[in-house]
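Q: Per our numbering, the sequence shown starts with residue 1, numbered consecutively.
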Amino acid sequence: MLPDWTAFTEFLDAQLLALIETDFAQVRYGDVGTATLAAFVLGATALLTAVRLILLRRRHARQHSGHDVPLRYQRGIFGRACYALPKIILGLAVAMGVVALSDPFLTSTEQITGNVESRVRIDLVDTSLSMAWEFNNTERSRAEIAREAHLEFLRMRREKNDRVSLWLFSSYPYMVDDFVLDDELYYFQVLGAPYVTVKILAPEPGTRRDRFFVPEEKVSIIDSEGTTNITGALRSIVRHFDIDASVVNRGANRNRALLIITDADVDEIPEAELAALSARNVVPYIIYINTDRGRAPIEGIETPSLIETIRDYGGDYFDVSSEDGLQQAYRAIDERETVAVPLSHRALRVPIYSRFLLVSLALLVVGIPAGFLAELVWGIHP
Numbered sequence: 001m002l003p004d005w006t007a008f009t010e011f012l013d014a015q016l017l018a019l020i021e022t023d024f025a026q027v028r029y030g031d032v033g034t035a036t037l038a039a040f041v042l043g044a045t046a047l048l049t050a051v052r053l054i055l056l057r058r059r060h061a062r063q064h065s066g067h068d069v070p071l072r073y074q075r076g077i078f079g080r081a082c083y084a085l086p087k088i089i090l091g092l093a094v095a096m097g098v099v100a101l102s103d104p105f106l107t108s109t110e111q112i113t114g115n116v117e118s119r120v121r122i123d124l125v126d127t128s129l130s131m132a133w134e135f136n137n138t139e140r141s142r143a144e145i146a147r148e149a150h151l152e153f154l155r156m157r158r159e160k161n162d163r164v165s166l167w168l169f170s171s172y173p174y175m176v177d178d179f180v181l182d183d184e185l186y187y188f189q190v191l192g193a194p195y196v197t198v199k200i201l202a203p204e205p206g207t208r209r210d211r212f213f214v215p216e217e218k219v220s221i222i223d224s225e226g227t228t229n230i231t232g233a234l235r236s237i238v239r240h241f242d243i244d245a246s247v248v249n250r251g252a253n254r255n256r257a258l259l260i261i262t263d264a265d266v267d268e269i270p271e272a273e274l275a276a277l278s279a280r281n282v283v284p285y286i287i288y289i290n291t292d293r294g295r296a297p298i299e300g301i302e303t304p305s306l307i308e309t310i311r312d313y314g315g316d317y318f319d320v321s322s323e324d325g326l327q328q329a330y331r332a333i334d335e336r337e338t339v340a341v342p343l344s345h346r347a348l349r350v351p352i353y354s355r356f357l358l359v360s361l362a363l364l365v366v367g368i369p370a371g372f373l374a375e376l377v378w379g380i381h382p
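1) Rounded to whole angstroms, how far is the Cβ of ALA362 from the Cβ of PRO86, which I believe are closer than 8 Å?
2) Spatial neighbours of LEU16 within its chain, please: CB distance less than 7 Å, with the 5 preceding and 5 following residues excluded, ordered by chain position.
3) Between the stretch 222 to 234 and the stretch 122 to 131, can you find at least three pairs of beta-carbon atoms closer than 8 Å?
4) State the DSSP-derived secondary structure class of GLY300, mapped to helix, strand or coil.
5) Leaving out five residues on either side along the sequence, give the residues of the same chain with a beta carbon under 7 Å from the beta carbon of ASP177.
6) Does the beta-carbon distance from PHE135 to ARG28 come in below 8 Å?
7) Compute every distance between the C-beta of ILE289 and the non-hydrogen atoms of the ligand SAM, then say whether any falls below 7 Å.
8) Grab the span of the alpha helix (DSSP H) containing ILE386 for me, first residue to last.
9) My understanding is that LEU326 touches ALA35, with C-beta atoms under 8 Å, so please give their C-beta distance in whole angstroms.
10) If we call anything under 8 Å between Cβ atoms a contact, is PHE318 one with VAL282?
11) Ignoring anything shorter than 4 residues or poking outside the stretch 158 to 195, list the alpha helix (DSSP H) runs there in chain order.
12) Could you check where the beta strand (DSSP E) with ILE221 kicks off and where it finishes?
13) When DSSP builds the beta bridges, which residues end up paired with PHE318?
14) Strictly by DSSP, which residues pair up with ASP126?
15) Mind checking whether ARG235 and GLU273 have CB atoms under 8 Å apart?
16) For THR6, does the count of other Cβ atoms within 10 angstroms reach 16, so buried, or fall short, so exposed?
17) Which residues in the same chain as ASP183 place their Cβ atom closer than 6 Å to its Cβ, once the five residues preceding and following it in sequence are excluded?
18) Please return the same chain residues whose Cβ sits closer than 7 Å to the Cβ of SER278, not counting the five positions on each side in sequence.
19) For the putative contact between VAL320 and ILE368, defined by C-beta atoms under 8 Å, what is the C-beta separation to the nearest angstrom?
20) In the structure shown, what three-state DSSP assignment does TYR83 receive?
21) Do ILE289 and ARG142 have their beta-carbon atoms positioned less than 8 Å apart in this structure?
22) Taking LEU154 as part of the alpha helix (DSSP H), name the residues at either end of that continuous run.
23) Got a sec, what are the start and stop residues for the beta strand (DSSP E) THR309 sits in?
24) Would you mind giving the Cβ-Cβ distance between LEU258 and ILE122, rounded to the nearest angstrom? I have them listed as a contact below 8 Å.
25) Which runs of the alpha helix (DSSP H) spanning at least 4 residues fall entirely within the stretch 353 to 378, listed in chain order?
26) Which of the three DSSP states is assigned to THR9 in this structure?
27) So ILE200 is in the alpha helix (DSSP H); what residue range does that whole segment cover?
28) For GLU273, which of helix, strand or coil comes out of DSSP?
29) Looking only at C-alpha atoms, which of ARG256, ILE307, ASP244 and GLY91 sits nearest to PRO270?
30) Short check: CB of ALA193 to CB of LEU154, under 8 Å?
31) Ignore the nearest five residues each way along the sequence and tell me which others in GLU302's own chain have a CB closer than 6 Å to its CB.
32) Taking the beta strand (DSSP E) that ALA233 falls in, what are its first and last residues?
33) Is the CB-CB distance between ASN161 and SER118 below 8 Å?
Below, the structure is given as structure tokens:
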């Protein structure tokens, strides 16, 4: 069965038209390093090939055969052009592929009128030193376990119109971004956040291990860090909720949630701050990285005080080691009342690498067979 070349040419025309109509002044690139490396490797390979062809004699060829080749046996201008055309097509295909590797994208704004029914939440992630320690002889850090649980929770909450703000805390709180409604944007904010923010990595007390299971790129070294100050973090959270309520809901005391991801190894119990959250209808939940689960029972080890205190203020905790811990957290937050949030616009990232990649593949589909044909027809002529 012969291919439908009409459909193929229409597809190629559409992709070329989309590429031609692209406003390259507005294009941004997400991964220039990979594209630069690929271009360098390809350029070096092409240069070495050219040097080899120039300096080394081709096999089965002599510099002087003793005979002049008549013009009728030479390629001529048309033959030379047809012989070189597939190589030009393949070069363009490779160039398009390199551009696609740079992850080009456009930013646009989608205008939306009216209100969006949303559940308002702040996610507060513990990035203190204890999160860098090993989780129950798994050769994985508590921070990695916590991040996987957090990301899984966000996957469960997709398309729920959560309006969420990401905060990290160790000795001091750090707001990664203000409230956002974009699920994908927020997911990648969490994915890219550091595992720990510390002054220096130190081994867990009582162990002889000096090995850490946190990737270097996931460690943020800050001289002022070194403790687990949840009290200061919650004070900042209270202020941020107040500011947001005054701007968005004109001070209305709406139901909101605070999700804390921690191993509960904190310096002090923030009872005053939890009371302030409760007075503002903010319900605290903890995704608890239970470091005692799976260990042999140790006399005197009890549930951390922070966990019990959360329940005193209407909140709850969910053990990440239990099979349904995340499901319970999901349901608890889903039961919170929605809040009407006015939305005027949303910034969108529109990837356009497919425009370059599809044109590259189409050129390869044309260029490779054309190269074989050109070699068969004109390759035997000098």
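By construction, the Cβ of each residue, glycine as well, lies at the ideal position given by its N, Cα and C atoms.
A: Quick answer:
1) That pair is no contact at about 14 Å.
2) VAL359
3) yes
4) Residue placement at GLY300 is poorly supported in this model, since its pLDDT is 37, which falls under 50; the coordinates still yield a value, given next. DSSP places GLY300 in the coil class of the three-state scheme, outside both helix and strand.
5) SER165, LEU166 and GLN189
6) no
7) The ligand SAM is not part of this structure, which contains no ligands at all.
8) Residue numbering for the chain in the displayed model covers 1 to 382; residue 386 lies beyond these limits and cannot be assessed.
9) The pair is not a contact, with the Cβ atoms about 38 Å apart (cut-off 8 Å).
10) no
11) 183 to 192
12) 219 to 221
13) ILE287
14) PHE169
15) yes
16) Answer is exposed; the Cβ neighbour count stays below 16.
17) Cβ within range, chain order: ARG158.
18) So the list reads TYR313 and GLY314, once near-sequence residues are dropped.
19) Between ILE368 and VAL320 the Cβ distance is about 51 Å, and since that is not below 8 Å, they are no contact.
20) helix
21) yes
22) 142 to 156
23) First-last for THR309: 305 to 312, but that is the alpha helix (DSSP H), not the beta strand (DSSP E).
24) Confirmed, Cβ separation roughly 5 Å.
25) The stretch 353 to 378 contains these whole alpha helix (DSSP H) runs: 353 to 378.
26) helix
27) Per DSSP, ILE200 belongs to no alpha helix (DSSP H) and is neither H nor E.
28) helix
29) ILE307
30) Between ALA193 and LEU154, the CB-CB gap reaches or exceeds 8 Å.
31) Only weak support exists for where GLU302 lies, its pLDDT of 49 falling under 50; the value from the coordinates is given anyway. Result list for GLU302: empty, nothing under 6 Å.
32) Element bounds for ALA233: not the beta strand (DSSP E) but the alpha helix (DSSP H), 230 to 248.
33) yes
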